[in-house]
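S.K.: Throughout the sequence shown, residue numbering follows this note's numbering, covering 202 to 365 in sequence.
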Amino acid sequence: MKKVDYLIILSTGTGEGQEVSKGDIIEQHTNSPSMGGFGWNRPGIDYLVGLDGELETIIPEESPNEVDLWGIGEGKNGLTGIPKYLAYVGGKTTKGTKDKDTRSDNQNNTLAAVVNFYVKKFPKIQVLGFNQVPAKEGETNPAFDVAEWCKEIGVPEANLFKGV
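#1: With a cut-off of 8 Å, do at least 3 Cβ pairs link the stretch 316-333 to the stretch 353-365?
#2: Could you have a look at S235 and say whether DSSP puts it in helix, strand or coil?
#3: Roughly how far, in whole angstroms, is the beta-carbon of L170 from the beta-carbon of I260, given that I think they are within contact range, below 8 Å?
#4: With a threshold of 16 other CB atoms inside 10 Å of the CB of N332, please say whether the residue is buried or exposed.
#5: Of all the options I209, K203 and R243, which has the alpha carbon lying nearest to the alpha carbon of C351?
#6: Could you please give the first and the last residue of the uninterrupted beta strand (DSSP E) stretch that includes A314?
#7: Could you work out which residue in N309, N310, G364 and G292 is closest to D302 when comparing CA atoms only?
#8: Who pairs with L208 in a beta bridge, going by DSSP?
#9: On the CB-based measure, 16 or more other CB atoms within 10 Å of its CB, does D253 come out buried or exposed?
#10: Residues in its own chain within less than 7 Å of T295 by CB, not counting five upstream and five downstream?
#11: For the beta strand (DSSP E) holding V250, just list the boundary residues, first then last.
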């Protein structure tokens, strides 16, 4: 496993209670724009936490994503280094019209376990929400305050992203 510099938490941006599978993410990210996809050569999420809290690996550790699919390296304060993307299913109201923290207790527990694992494995890693990425200013995803939540689950202050 290569050194990971950032653990970026995001949601799938889907309606509360709407199941999203690993296959759905792969299709959305790799299908051509004419088919409603992003047209990328690989998915932009490494791990997906389902509604029941199950963790699915989309990008295996031995095949890290070194291409900046989300554009986090763009701009004057772009992030450089290796990111891992951890997504939970949800992030919107049932109708999908507004942002909402839809994490279930099971999802929250899984997210916390993954975050704490990465902080132990990579002591200098920076944990942040997708909306904290400088190039993503104005984003609301993941629909909760990642820094505040990280403090609640005991992530050391040194591992909380403070900007570049």
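Quick reminder that beta carbons are idealized off the backbone N, C-alpha and C, glycines included.
M.R.: Working from what's here:
#1: In this structure the stretch 316-333 touches the stretch 353-365; the number of beta carbon pairs closer than 8 Å is three or more.
#2: By one-based count along the sequence shown, residue 235 stands at place 34. Residue state, collapsed to three classes: helix.
#3: The first residue shown for the chain is 202 and the last is 365, placing residue 170 beyond what the model contains.
#4: Here residue 332 is taken as the residue at index 131 of the sequence shown, counted from 1. Buried is the call here.
#5: Counting from 1 along the sequence shown, the entry for residue 351 is found at position 150. Of I209, K203 and R243, the residue nearest in Cα terms is I209.
#6: Counting from one through the sequence shown, the residue named residue 314 turns up at place 113. From DSSP, A314 is part of no beta strand (DSSP E) but of the alpha helix (DSSP H) over D306 to K322.
#7: Taking the sequence shown and counting its residues from 1, one reaches residue 302 at position 101. Ranking N309, N310, G364 and G292 by Cα distance to D302 puts G292 first.
#8: The count along the sequence shown starts at 1 and reaches residue 208 at position 7. Beta-bridge pairing links L208 to K285 and V328.
#9: Translated into the one-based positions of the sequence shown, residue 253 becomes position 52. Under this definition D253 is an exposed residue.
#10: Residue mapping note: residue 295 aligns to position 94 of the sequence shown, counting from 1. Cβ neighbours of T295 beyond the five flanking positions: G216, E217 and G218.
#11: The residue you call residue 250 lines up with position 49 of the sequence shown. Where V250 is concerned, the enclosing beta strand (DSSP E) stretches over Y248 to V250.
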